[in-house]
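Chemist:
There are 2 protein chains.
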Amino acid sequence: MNCRKSFRPAWSEAPPPRGSYRSIFKFGDPAGFKHPSDKWYAMLKEALGMTDRDFVVKQAEGRAAVDLRRPPRLTAQQVAALVAVVGEENIATDEFTRTRYAYGKTTEEMMELSHGVVREIADLVIHPRHKEDVRRIVGYCQSERIPIYVFSGGSSVTLGLRPVRGGVTLVMSTHLNRFLELNEYNQTARVQPGIFGPAYEDALNRGPEHFRAARRYTGGHFPQSFEYSTVGGWVLTLGSGQASTYYGDAADLVVSQEYVTPAGDFKTLDFPATATGPKVADLMKGSEGAFGILVEVTLRVYRYMPANRRHFSFMFPSWQAAVEASREIAQGEFGRPAVYRISDPEETDRGLKLYGIPRLVDRFLQKRGFDPMARCLCLGSIEGERDYTRLVKRKIRRVARHFGAVYLGAYGSRKWARTRYREPYMREDLNDFGITIDTLEAAVTWDRLMELHRGVRAYIKGRARTICMTHASHFYPQGTNLYFIFIGRFDSTEDYRVFQAGIIDRIQAQGGSLSHHHGIGRLLAPWIENHLGREQMAVLRAVKQHFDPHQIMNPGGQLGLDLDDQEKRMP
Amino acid sequence: MNCRKSFRPAWSEAPPPRGSYRSIFKFGDPAGFKHPSDKWYAMLKEALGMTDRDFVVKQAEGRAAVDLRRPPRLTAQQVAALVAVVGEENIATDEFTRTRYAYGKTTEEMMELSHGVVREIADLVIHPRHKEDVRRIVGYCQSERIPIYVFSGGSSVTLGLRPVRGGVTLVMSTHLNRFLELNEYNQTARVQPGIFGPAYEDALNRGPEHFRAARRYTGGHFPQSFEYSTVGGWVLTLGSGQASTYYGDAADLVVSQEYVTPAGDFKTLDFPATATGPKVADLMKGSEGAFGILVEVTLRVYRYMPANRRHFSFMFPSWQAAVEASREIAQGEFGRPAVYRISDPEETDRGLKLYGIPRLVDRFLQKRGFDPMARCLCLGSIEGERDYTRLVKRKIRRVARHFGAVYLGAYGSRKWARTRYREPYMREDLNDFGITIDTLEAAVTWDRLMELHRGVRAYIKGRARTICMTHASHFYPQGTNLYFIFIGRFDSTEDYRVFQAGIIDRIQAQGGSLSHHHGIGRLLAPWIENHLGREQMAVLRAVKQHFDPHQIMNPGGQLGLDLDDQEKRMP
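Just so you know, the sequences run in chain order A and W.
Going by our numbering, the first sequence opens with residue 1, and the numbers climb by one from there.
Going by our numbering, the second sequence opens with residue 572, and the numbers climb by one from there.
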């Protein structure tokens, strides 16, 4: 075997076998792959201290068929009652289906599944056909004390879908995925929660063809998981899209919501603003399945004007300069970009190497003092009315120049936009050779940003041979979000878990939020009480008690609502 | 007595006697007056079918001294315990003080007080010095089951301050009115809740002088009550300022809040956005004193750049055209004006008569088809960066022209801005002669706006000799707020109440919200359950029960949380 220059690992090219563990944890399209490029491969070897030899034999790939021997624990009568609601064809009791819908895309889920380790699964998987089904299921499960979990897009990276107490998992994306109404007058879209990002956005973009609308619209919400997440998931986990700096976060997009809960069903009102007391509508956002089930949602939509979109990219001489310029842009009162990102020096340098920078450009940059491991890449785009996007771009260029940046044109941003949903595809390739890539993120105010960045990096880089690339995205006048991508080799899932917990501890200690847009789920649940404080947790538990007195809605750790004291991570 | 042309009613010019009922209900500065102009006077006579004779003898003016003989019902021990907390000098037991702090500026409060009719008052008025005082008072009142009411600016128009169950009223604006910190880096201001609008705004505007700040800032919040309302009140009643179309409503301005509640104290976190579950922070906004007491609040602030402000005014040929243009402006994605208002035909015509329009201009307008009782005035202003305000003005002009408007220059808007806080001063003058002026407002989506306007107007104008002037202000892409100003003569407070209830019924029936920015208080409380639905009210009651198990926080109808079924207005 020739392991020299020409060696390239045998990245998996085959779709995972049907019914296999791998088919559950593989990201995205089963037949879709994006392997590490040769440059990525070289970078990984160098940074992680690996050689071609380490990429010869694959580790556990999870290609075996799911085989558990865990019969459902519901009674025949209970199963029959649920079959009576939705019909035989909308219920599954087989182990593979029950396992498939018990998992999201959390890294430790992949690590365990690739070894055939399966945690709790539901006893039954149900595909409700409409909200009346949901109502009847919740009513029945309430009377029988059967736990209910909800699966929609399945892109959770926080163990948010794990059916810790068994029971049933409702799959919302199978039937409850329709676009119900485009109200052009109010610029709102009413949809079922299980509609996926692309179907939602496509229907809006093609408003004239789909709805005989006068215009085209956009939802303005493009999370990394866009292709494999649903509108309901965005709302219930408080997601944030890559264009949130202009369009707002998922919570900001919601006009009204309809819920089925054990304490009764309701639809919130659709006024653009009200002074009618505390807003229950807001309280439901981010409830992660613990209060009730979202069965319909109305969202703000925006005029879709791609012809007016303007891209930009800059190189800043330092992280400090990039941050200061970004703050000025966020606070400048001249409008806002839609996408706006700044990469820290490590991400910038690795990015330039991985995605290519012409040698001439690099020489030019270095001559002007934009040094490796100091310089920072910024890219983004502006949306809206034509003259508005022109103005905002002009203003951003002026601010960037003031902070010493050099303009690099639109190319970098366009390229990023084209490939932005593909990055997650690499994680299985890396996992096959024992390399873990994962991310954590935290909102932070401007005055704590540098410290948070320094502190978390110090922790991650304190571990030998670990990559840490950071960017800030999602900008607000008061601060931003830091997104940490780390890559390393871990001896075991437990080894990884300990390392990850250390990052979360450090984020907390340096004044970052526990999550900006991933949600809490079960992964971050142990930290939540320390983060929010006992008093706010007590409020959430009181609300939980009201909606769900028998603890059937997503029980077992979600949001930290029902953790024992020893399960909580308190300082 | 000569009642011809030269007759002018003897509008009250003297500040109300100290200790009088009038000193309680008079709006604003005791020595400040803005009498109806001669044009106003002529208009009132004509529209209400009155003659000079009706303006000769004043009706009940409430100039007598408050005289109640209602001794406080707290025990000597209880009073002593509270004195021990705040000191003798911060407690009042006299009837006048107890009455003064039991009242806001609700119209029916004025009507009753002018006749010497006093409803419930607190047993004790307390001026806490700091949050520690508040903590100790809440703790003590909790143990003794003493009701707690909170008074801050006192501008409530919803009976929000009425101490229905006696107990104590805490006055927040006496001591808890300090500006604690300007964080220029994050663009946030931390203040005590009792700081009044002008003190808050002035400190921000003069940032360099007050805080050695590098820039000047604005809070961006200018409700009609600006001069006599406090930051805490804005947050707790979900207020909205006249520049909200750009800066957002009070709820949008809040970054973090600190509360003292019977169930414990907490401070919410100050991240610009998070995905850490349902937001208790949002639930506290609009809680109107029923959950706990706000003791500190951090708000977003904005760069203050008055030199860049651009005013505009237009005349539209019709209400329909004005509404359509406004929708286009709100949805156009080219930035937003700060102040933006459109007046309906009745308000436009009365306004032109009252505030003057050069005869030449009027002739020009009518020649071009801008007819009385059809044409609609639009005015507003744009704030922000210099080129941004230029762009937004250009775009607004283009949209307005497209919808048939003629541009009337900046003058109208400038004049409105100068006098905007003075209008409420007229209400006592009118009340002196048995004329009632009041307002109700409702948020509405675009698709229900015309119907709501038509329906509510039909009801109000169905009453003989009643003026109804309506404008839309506070614009959102999804809708706006309709603000109804009505003027009429009523036989009694009860007569007025019945009429007012009819308007509220009609607002509900036509799809308006129960309130856009006045709040609920006790005035609108009977409607709230029908408006929000039983299920959402049950959630609010569960939260109430958590925070305040002994019902000591603003009990007796506030927000409709503790109404009996027969007190609820259900259809």
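Where a beta carbon is used, it is the ideal one built from N, C-alpha and C, also for glycine.
Note that the coordinates shown come from a computational prediction; the quantities given were computed from them, not determined experimentally.
Report the neighbours of W:Lys702 on chain A: residues whose CB is nearer than 9 Å to its CB, in chain order.
Modeler: In chain order: nothing, as chain A lies at least about 15 Å away.
Chemist: Suppose you measure from the CA of W:Ile692 to the CA of W:Arg733; what does that come to, to the nearest Å?
Modeler: 7 Å
Chemist: Go through its chain and collect everything with a Cβ distance to W:His686's Cβ below 6 Å, but skip five positions before and after it.
Modeler: Ala631
Chemist: Residue range of the beta strand (DSSP E) that A:Met315 falls in?
Modeler: 310 to 316
Chemist: Between the C-alpha atoms of A:Val198 and W:Val866, what's the straight-line distance to the nearest angstrom?
Modeler: Inspection of the sequence shows that residue 198 of chain A is occupied by Pro rather than by Val. Whole-angstrom Cα-Cα distance: 46 Å.
Chemist: Which residues, taken in chain order from the segment 269 to 281 of chain A, show a beta carbon closer than 9 Å to some beta carbon of chain W?
Modeler: Hits within the stretch, in order: Leu269, Asp270, Phe271, Pro272, Ala273, Thr274, Ala275, Thr276, Gly277, Pro278, Lys279, Val280, Ala281.
Chemist: Under 8 Å, CB to CB, which of the residues in the segment 436 to 460 of chain A have a partner in chain W?
Modeler: Per Cβ criterion, the list reads Ala443, Val444, Thr445, Trp446, Asp447.
Chemist: Which residues share a DSSP beta bridge with W:Cys949?
Modeler: W:Phe885, W:Ile913
Chemist: State the start and end residues of the unbroken beta strand (DSSP E) segment that holds A:Ser256.
Modeler: 254 to 261
Chemist: Can you tell which of W:Met886, W:Arg1060, W:Ala1043 has the C-alpha that lies nearest to the C-alpha of W:Asn1052?
Modeler: Comparing Cα positions, the closest option is W:Ala1043.
Chemist: Measure the beta-carbon distance from W:Tyr959 to A:Gly335 and round it to whole angstroms, keeping in mind my assumption that it falls under 8 Å.
Modeler: 6 Å
Chemist: Taking the straight line between their C-alpha atoms, what separation do you get for W:Tyr818 and A:Pro337?
Modeler: So the alpha carbons of these two residues sit roughly 18 Å apart.
Chemist: Within this structure, are the beta carbons of A:Glu46 and A:Phe33 separated by less than 8 Å?
Modeler: no
Chemist: For the segment 821 to 833 of chain W and the segment 1103 to 1110 of chain W, state whether three or more C-beta atom pairs, one from each stretch, are separated by less than 8 Å.
Modeler: no
Chemist: Under a CB-based cut-off of 8 Å, is A:Asn554 close to chain W?
Modeler: Interface annotation, A:Asn554: not in contact with chain W, CB-CB separation never under 8 Å.
Chemist: Taking the CB atoms as reference points, tell me whether A:Glu227 and A:Gly519 lie closer together than 8 Å.
Modeler: No.
Chemist: Where does A:Phe364 land, buried or exposed, given buried means 16+ other C-beta within 10 angstroms?
Modeler: exposed
Chemist: Are the CB atoms of A:Pro477 and A:Ala330 within a distance shorter than 8 Å?
Modeler: yes
Chemist: Figure out for me which residue from A:Thr493, A:Ile293, A:Ile91, A:Gly409 has the closest Cα to the Cα of A:Asp584.
Modeler: With chain A covering 1 to 571 only, the question about residue 584 of chain A has no answer from this structure.
Chemist: Specify, as a first and last residue, the run of the beta strand (DSSP E) that W:Ser1044 falls within.
Modeler: 1038 to 1047
Chemist: Can you tell me which of the three DSSP states W:Ile1123 falls into?
Modeler: Residue state for W:Ile1123 is assigned as coil, using DSSP reduced to three classes.
Chemist: Considering only their Cβ atoms, is the gap separating W:Ser591 from W:Ala636 smaller than 8 Å?
Modeler: yes
Chemist: Using the beta-carbon count (16 or more within 10 Å), is W:Lys938 buried or exposed?
Modeler: exposed
Chemist: To the nearest angstrom, how far is the alpha carbon of W:Met876 from that of A:Ser318?
Modeler: Taking the straight line joining both Cα atoms gives about 30 Å.
Chemist: With a Cβ-Cβ cutoff of 8 Å, do A:Asp133 and A:Gly167 count as a contact?
Modeler: no
Chemist: Use the C-beta contact count for W:His701: other C-beta atoms within 10 angstroms, 16 or more gives buried, fewer gives exposed.
Modeler: exposed
Chemist: One question on the structure: do W:Val831 and W:Val762 come within less than 8 Å of each other, judged by their Cβ atoms?
Modeler: no
Chemist: Mind the definition here: the segment 951 to 970 of chain W touches the segment 919 to 932 of chain W only if three or more C-beta pairs lie below 8 Å; say whether that holds.
Modeler: No, they do not touch.
Chemist: What does the Cβ neighbour count give for W:His973, buried or exposed, with the cut at 16 atoms within 10 Å?
Modeler: exposed
Chemist: According to DSSP, simplified to helix, strand and coil, what is A:Ile437?
Modeler: strand
Chemist: According to the neighbour-count rule (16 or more other Cβ atoms, all chains shown, within 10 Å of its Cβ), is A:Arg98 buried or exposed?
Modeler: buried
Chemist: What does the Cβ neighbour count give for A:Cys3, buried or exposed, with the cut at 16 atoms within 10 Å?
Modeler: In this predicted model, A:Cys3 has a pLDDT of only 46, less than 50, meaning its place in the structure is not dependable; the value taken from the coordinates is given anyway. Flag for A:Cys3 reads exposed.
Chemist: When the cut-off is 8 Å and only beta carbons count, does W:Arg881 lie next to chain A?
Modeler: no
Chemist: Can you confirm whether W:Cys574, when its beta carbon is compared against all beta carbons of chain A, has any partner nearer than 8 Å?
Modeler: In this prediction, W:Cys574 scores a pLDDT of 47, lower than 50, which makes its location untrustworthy; the coordinate-derived value is nonetheless stated afterwards. By this cut-off, W:Cys574 is not an interface position.
Chemist: Can you find a CB in chain W that lies within less than 8 Å of the CB of A:Thr655?
Modeler: Any question about residue 655 of chain A goes unanswered here, given that chain A covers just 1 to 571.
Chemist: So, using beta-carbon positions, are W:Gly951 and W:Ser914 closer together than 8 Å?
Modeler: no
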